[in-house]
Amino acid sequence: MSVQAMTWAIEQQDIRDATARHVLLCLANYADADGKAAFPSTSRLESDTGLSESTIRRKLDVLEELGLIQKGNQAIVAAYIDRGDRRPVCYDMVMKKRGVVVTPGDGRGVTVTVTGCHGDANGVSLTSERGVTVTPNPSLTINKPSKNRSRAIDEKFDEAWRQYPKREGSNSKQAAQRAWNARIREGIDPDVLVAAVVAYASAMKAAGNIGTPYVKQASTFFGRDRHFEEYAKPGAKGDLFDGGAVPWWKAAGFTYQWQATNAGCSERSAHLWANGVRQGAPA
2 MSVQAMTWAI
12 EQQDIRDATA
22 RHVLLCLANY
32 ADADGKAAFP
42 STSRLESDTG
52 LSESTIRRKL
62 DVLEELGLIQ
72 KGNQAIVAAY
82 IDRGDRRPVC
92 YDMVMKKRGV
102 VVTPGDGRGV
112 TVTVTGCHGD
122 ANGVSLTSER
132 GVTVTPNPSL
142 TINKPSKNRS
152 RAIDEKFDEA
162 WRQYPKREGS
172 NSKQAAQRAW
182 NARIREGIDP
192 DVLVAAVVAY
202 ASAMKAAGNI
212 GTPYVKQAST
222 FFGRDRHFEE
232 YAKPGAKGDL
242 FDGGAVPWWK
252 AAGFTYQWQA
262 TNAGCSERSA
272 HLWANGVRQG
282 APA
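Taking this note's numbering, the leading residue of the sequence shown gets 2, the next gets one more, and so forth.
Given below as structure tokens:
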């Protein structure tokens, strides 16, 4: 718990959305003294706020749009949680400092004064405006958010976009990236999304659907319904289906093999099918 982050959150009187303010207070409870590295799980925030997952996600988006929070250093989360698909999003509170004065110390470090906050390198003593003193463990080192993290995610999206199968009709890259970023915020590993695109492109090519309306828009593929999960194993970096190939019945547009068999589709004729319908035949 951070007294500084909680105090800052309470002082945000300009937030008119009471629910968003409630989410901000609960999120700040998990930040450090600088308002950084808050990464509670969605289930934890559900428990703390009493709100549904969808409501929490919407309010986090609102807070981000208001400039009160921003994505933090996801590498901090990775240091605690191994599985990429289980990692919550790391958030930083955008705590704007007032009246910062930096003066040289006596050789032991730097003394920083920020509206009643005094720090010393040999054991930090932080005093809030309400007179509460907190002494963090000076041996604890928290990495500053890396600018390279967001750049790496953008590069992964560009890679996925290059691999994505062409379709007839519109396919907004901007909308696709918004959906992609939403899944990243939910903790989906970008490598899983790239692997899903590769598998999907392979399936569409096998079905002869490249350049047709049967290819989903990328924003739908990465959307909240998570169509990408049909084509890549969650939690596996780059792994596709066993054997590295998409099952023929999935390439033909069926979820299960028995559905394809009942429809008269076989492995030999799968290339003639798309979205569960034999091409050239009445639906």
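For glycine and all other residues, C-beta sits at the position ideal for the given N, C-alpha and C.
| Which residues bound the alpha helix (DSSP H) around K60? | First-last of the alpha helix (DSSP H) with K60: 54-66.
| task | Measure the Cβ-Cβ separation of Y201 and A275 and say whether it is below 8 Å. | result | No.
| query | If we ignore side chains and look at the alpha-carbon of each, how far apart do T142 and R186 end up? | reply | Summary for T142: the model assigns pLDDT 44, below 50, so the residue's position carries little reliability; its value from the coordinates is reported in the next sentence. In a straight line, the C-alpha of T142 is about 25 Å away from that of R186.
| field | I70 (DSSP reduced to helix, strand or coil) | value | In this structure, DSSP gives I70 an extended state, which the three-state scheme calls strand.
| field | Span separating the alpha-carbon of G245 from that of A183 | value | Any reading at G245 needs caution, since the residue's pLDDT is 44, under 50, leaving its predicted position unreliable; the model's value is listed next. Cα-Cα distance, rounded: 27 Å.
| First and last residue of the uninterrupted alpha helix (DSSP H) at M94 | Looking at the DSSP string, M94 is not in any alpha helix (DSSP H); the run it does join, the beta strand (DSSP E), is 92-94.
| said: Pull the bridge partners of V193 from the DSSP assignment, please. | reply: V193 is not bridged by DSSP to any residue.
| query | Between A197 and A233, which are expected to be in contact by the criterion C-beta below 8 Å, what is the C-beta distance as a whole number of angstroms? | reply | About 4 Å separates the two Cβ atoms, so the contact holds.
| How many whole angstroms separate the CB atoms of D18 and M96, which I take to be in contact at a CB cut-off of 8 Å? | Wrong, their Cβ atoms sit about 19 Å apart, outside the cutoff.
| message | Between V24, G281, Y165, which has its C-alpha nearest R45's C-alpha? | response | Ranked by Cα distance from R45, the first of V24, G281, Y165 is V24.
| task | List the endpoints of the continuous alpha helix (DSSP H) containing L28. | result | Counting along the chain, the alpha helix (DSSP H) containing L28 begins and ends at 19-29.
| Who are the Cβ neighbours of A252 in its own chain at under 7 Å, not counting the five residues just before and after it? | Closer than 7 Å at the Cβ level, and outside the excluded window around A252, lie A204, A207, A208, A271.
| said: Residues in the same chain with beta-carbon distance under 8 Å from Q13, minus the five sequence neighbours each way, listed in chain order, please. | reply: Excluding sequence positions up to five before and after Q13, its CB lies within less than 8 Å of the CB of R22, L25, L69, all in the same chain and listed in chain order.
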